[in-house]
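In the numbering used here, the protein residues as written are 221 to 387. Backbone N, C-alpha and C define an ideal beta-carbon position, used for all residues, glycine too. Quick notes on the structure that follows.
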Amino acid sequence: MLAAVFYFCFKLVNSRFGKVLIAIRDGENRLRFSGYNTAYYKMVVFTLSAGIAGLAGMLFVLQIRIITPTMIDIIPSIEMALWVAIGGRGTLLGPVFGAILANAGTTFFSETYPELWTYFIGLVFIVVIVFLPGGLMSIGNKLKRKRRSSDHEKAEQQAGAATDKHS
Numbered sequence: 221m222l223a224a225v226f227y228f229c230f231k232l233v234n235s236r237f238g239k240v241l242i243a244i245r246d247g248e249n250r251l252r253f254s255g256y257n258t259a260y261y262k263m264v265v266f267t268l269s270a271g272i273a274g275l276a277g278m279l280f281v282l283q284i285r286i287i288t289p290t291m292i293d294i295i296p297s298i299e300m301a302l303w304v305a306i307g308g309r310g311t312l313l314g315p316v317f318g319a320i321l322a323n324a325g326t327t328f329f330s331e332t333y334p335e336l337w338t339y340f341i342g343l344v345f346i347v348v349i350v351f352l353p354g355g356l357m358s359i360g361n362k363l364k365r366k367r368r369s370s371d372h373e374k375a376e377q378q379a380g381a382a383t384d385k386h387s
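Encoded structure:
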């Protein structure tokens, strides 16, 4: 089911509709002045996200077999925000990786340190926010930028050496 929802979201984000959503995120007023009805696009995407959340909730209950009021607590909400923060917001794969890593960490810390595991999760959240504000998915972008800048510096050095040779 995750693969089907992911594929649907991937197609949606890479369609014309998805480009309009990105434009709304980046500058809603500018898009509104261009003649787009941003309220319509936001209503549609909110409805789609509610449907996906409902599907996830239904599958969760089928997996767990019972739902109680304690499951609708602050800790599950914080964990979901942590998934996005660890993986990287603005991406589709980031929250999936974030959910896998956060749940593995939660399992490890809650088994190893039953009384303190929430503090460890909070510490991970703070470290990610401070040192990786774009999440784990931003590491690839940082490495690409670093590689490009080093390639650009090498090209400048080679151009400078060639100019010095000809002088």
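Where the alpha helix (DSSP H) through residue i begins and ends
| i | result |
| --- | --- |
| M221 | Run containing M221: none; DSSP gives neither H nor E here. |
| G274 | 258-284 |
As assigned by DSSP and simplified to three states, the class of residue i
| i | result |
| --- | --- |
| P334 | coil |
| D293 | coil |
| R234 | Before going on, a small fix: residue 234 reads as Asn here, not Arg. In the structure shown, N234 sits in coil (DSSP, three-state: anything other than H, G, I, E or B). |
| G314 | helix |
| G247 | helix |
| S358 | helix |
| L352 | coil |
| G342 | helix |
| T326 | helix |
Residue i versus residue j - alpha carbon distance
| i | j | result |
| --- | --- | --- |
| V233 | L222 | 16 Å |
| Y339 | I295 | 11 Å |
| V304 | R285 | 26 Å |
| Y260 | G307 | 29 Å |
| S235 | V265 | 13 Å |
| L313 | S254 | 31 Å |
| V281 | I272 | 14 Å |
| I349 | T327 | 21 Å |
| C229 | W337 | 33 Å |
| M300 | M357 | 17 Å |
Residues near residue i in its chain [Cβ-Cβ closer than 8 Å; skip 5 each side]
| i | result |
| --- | --- |
| L279 | M221 |
| L251 | V240, A243, I244, T258 |
| G325 | F340, I341, V344 |
| F329 | L336, W337, F340, I341 |
Cβ neighbours of residue i in the same chain (closer than 6 Å, five flanking residues each side left out)
| i | result |
| --- | --- |
| I298 | none |
Neighbourhood of residue i by C-beta distance below 7 Å, restricted to the same chain and skipping five residues each side
| i | result |
| --- | --- |
| A322 | E299, L302, W303, I306 |
| T311 | M357 |
Distance cut-off 7 Å: residue i Cβ against heavy atoms of the ligand NAD
| i | result |
| --- | --- |
| G271 | Looking for the ligand NAD in the displayed structure turns up nothing, as the structure carries no ligands at all. |
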